[in-house]
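Structure first, commentary second.
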Amino acid sequence: MAKKESYEEMMNKLQVILENLERDTYNLEDAMKSYEEGVKLVNKIYKTLDSYEGKISVIKEEKEMEFKDSDRD
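At position 71 of the sequence shown (counting the first as 1) the number is 71 in the numbering used here, and the numbers step up by one without a gap.
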């Protein structure tokens, strides 16, 4: 099974792709492949951030409930 890339690794890869595309040294076919890879990375990054946001919401709700319960004591 492949190791899941971290957010930082994905951002670094995306940065490299952007830098290479900005240099304009690719032929059209290679530029399209890089663009496609970049789009896939952006989608993975959004999913990762969405997952983190969900986890943060759950933790926040749990802590708010703990705080409300401690106010009753």
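Just so it is clear, CB atoms sit at the ideal spot from N, CA and C, and this is done for glycine as well.
As the structure is a prediction and not an experimental result, all values here were calculated from the model.
Review point. What did DSSP end up calling ASP24 once you bin it into helix, strand or coil?
Key: Coil.
Check your understanding: Helix, strand or coil: how does DSSP classify LYS63 here?
Key -> Of the three classes helix, strand and coil, the one that applies to LYS63 here is helix, per DSSP.
Point to revise | Pick from GLN15, THR48, TYR46, TYR52 that is closest to MET34, judged by C-alpha positions | key: According to the sequence shown, residue 34 is Ser rather than Met. Of GLN15, THR48, TYR46, TYR52, the smallest CA-CA separation from SER34 is found for GLN15.
Practice item. Could you tell me which of SER51, SER57, LEU21 sits nearest to SER6, measuring between CA atoms? Key: With distances taken between Cα atoms, SER6 lies closest to SER51.
Point to revise | Option in GLY54, ASN12, LYS4 with minimal Cα separation from GLY38 | key: Nearest option by C-alpha distance: ASN12.
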